[in-house]
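Residue numbers (our numbering), protein chains in the order written: chain A, 890 to 966; chain B, 5 to 207. Report on the following structure.
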Amino acid sequence: MHDRRCKRIFAMLSEYLDGDLPVKNCSELERHLKGCEPCIAYLQSLKDTMEVCRRYRVVKAPPPSRKVREALRLALR
Amino acid sequence: MNAQIEQAIEILRSGSPRDVEHALETLQGVVYGFGMKVCGSHEDAQDTAQETLIRLARQLKDFPDARALSVWLYKVAKSQCLMSRRKSKFAPTQMLSLDDLMPKDAIASPDGPKSWEVTPEEIVLNHELRSRLEDAILALPKHYRLVLILRDMEQLDTREVAEVMGISEDTAKMRLHRARVFVRNALAGYHRQGAEGGRESHA
């Protein structure tokens, strides 16, 4: 890390990306980002990580089991 | 919350037999997928799906709305995963410290810090990185892993994640950030190799 400001900003990045960061902290973070390219790059890579997670899919699920179908049949009677 | 889940639950409660089959397969896919992400094993994911959907069938008529039932569905699936037979070969139980997760090297590349060299779309299509992502998620302590999966993969909002996990929203946010940084750092190694002489930038 560069300095204590980077460390403080580092702790806020997820809330910033989620739009949950309070306005005051948001302004502080954006001011810092204007002068800190490594923090900008880290923020972008964190955003990319979120996008990768969002796009991830488990390949294929097996069909529902016989027990599940039976439970549902009983529930819908 | 995933609208697909709510819609499938509504159909189960009132739909035609043909629609019910489709809705059931949708829910099977969601819960099995969740189980695979959390447990990393087909057997545990299948157990999770079976037990969760049997309990769902019994509760179908007792919940006031599909959204409440969707949150409940994840609660049950989460509990099933926590009781999974197989313990992850990776999963440690310790807390993640933000200080430990923060990259220590402050060296930016001569041309300035780089973002990733491949796009998220490419990463998901790339088998090696897909496998790396799965390993990184399974290497997370379970309570961090669950929060990351619920928020960033299942797309629940923070309030819903907190509700499923039985924790405060602030705790959910704290765990989420540490989990994201952990996974980001695990994937960054790939990019260091992939980038042209690229070195890890700091934050």
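Just so you know, even glycine gets a beta-carbon here, dropped at the ideal spot from N, CA and C. Every value quoted in this text rests on a predicted model; they were computed, and no experiment measured them.
Neighbour list for residue i in chain A, Cβ cutoff strictly below 7 Å
i	result
Gly33 of chain B	Ala950
Ala64 of chain B	In the sequence on display, residue 64 of chain B carries Leu and not Ala. Ordered by position in chain A, the residues that pass the 7 Å Cβ test against Leu64 of chain B are Ala964.
Residues of its chain near residue i, where Cβ-Cβ distance is below 8 Å and the 5 sequence neighbours each way are ignored
i	result
Ser172 of chain B	Ala166
Ala176 of chain B	Val151, Arg155, Thr162, Val165, Ala166 and Met169
Minimum C-alpha distance to residue i - residue among the options
i	options	result
Ser135 of chain B	B:Ala27, B:Gly44, B:Ser20 and B:Gln159	B:Gly44
Arg62 of chain B	A:Leu963, A:Gly924, A:Asp909 and A:Asn914	A:Leu963
Ser954 of chain A	B:Ser83, B:Ser88 and B:Ala49	B:Ala49
Val941 of chain A	B:Ile153, B:Arg179 and B:Leu160	B:Ile153
Arg893 of chain A	A:Asp937, A:Cys925 and A:Tyr905	A:Cys925
Gln933 of chain A	A:Ser903, A:Ser916 and A:Leu965	A:Ser903
Ser83 of chain B	B:Leu102, B:Ser18 and B:Asp51	B:Asp51
Leu57 of chain B	B:Trp76, B:Glu47 and B:Ser88	B:Trp76
Arg943 of chain A	B:Leu137, B:Gln159 and B:Asp66	B:Gln159
Leu191 of chain B	B:Arg179, B:Asn130 and B:Leu180	B:Asn130
Close beta carbons around residue i, own chain, < 7 Å, minus the five adjacent residues each side
i	result
Val209 of chain B	This structure gives no information on residue 209 of chain B, because the portion of chain B shown stretches from 5 to 207.
Cys928 of chain A	Cys895, Ile898, His921 and Leu922
Asn914 of chain A	Met901
Gln98 of chain B	Pro145
Ser20 of chain B	none
Sequence-distant residues of its chain with Cβ nearer than 6 Å to residue i (five each side left out)
i	result
Arg59 of chain B	Val80
Ala27 of chain B	Ala12, Ile15 and Leu16
Pro114 of chain B	Summary for Pro114 of chain B: the model assigns pLDDT 41, below 50, so the residue's position carries little reliability; its value from the coordinates is reported in the next sentence. Here the set comprises nothing.
Gln1 of chain B	Residue 1 of chain B lies beyond the range of chain B shown here (5 to 207); nothing can be said about it.
Beta-carbon spacing of residue i, residue j below 8 Å
i	j	result
Leu144 of chain B	Ala183 of chain B	yes
Leu935 of chain A	Arg149 of chain B	no
Pro952 of chain A	Glu29 of chain B	yes
Leu906 of chain A	Met939 of chain A	yes
Cys85 of chain B	Val42 of chain B	yes
Partner residues on chain A for residue i, Cβ-Cβ distance less than 9 Å
i	result
Gly44 of chain B	Within chain A, no residue comes near Gly44 of chain B; the closest Cβ sits about 11 Å away, beyond 9 Å.
Val168 of chain B	None at all; the shortest Cβ gap to chain A is about 17 Å.
Check: residue i C-beta below 7 Å from any heavy atom of the ligand COA
i	result
Leu105 of chain B	Absence of the ligand COA from the depicted structure is noted, as is the absence of any ligand whatsoever, leaving it without description.
Where residue i meets chain B, residues with beta-carbon distance less than 8 Å
i	result
Glu967 of chain A	Residue 967 of chain A is absent from the model: chain A starts at 890 and stops at 966.
Chain B contact residues for residue i, given Cβ-Cβ distances below 7 Å
i	result
Lys896 of chain A	Met106
Contact set between residue i and chain B, taken where Cβ atoms lie within less than 9 Å
i	result
Arg943 of chain A	Pro124, Asp156, Met157 and Gln159
Examine the Cβ distances between the stretch 37-56 of chain B and the stretch 940-950 of chain A and report whether three or more of them are shorter than 8 Å. Result yes; three or more Cβ-Cβ pairs closer than 8 Å.
Using a Cβ distance threshold of 8 Å, determine whether the stretch 10-20 of chain B contacts the stretch 66-73 of chain B, with at least three qualifying pairs required. They touch, by the three-pair rule.
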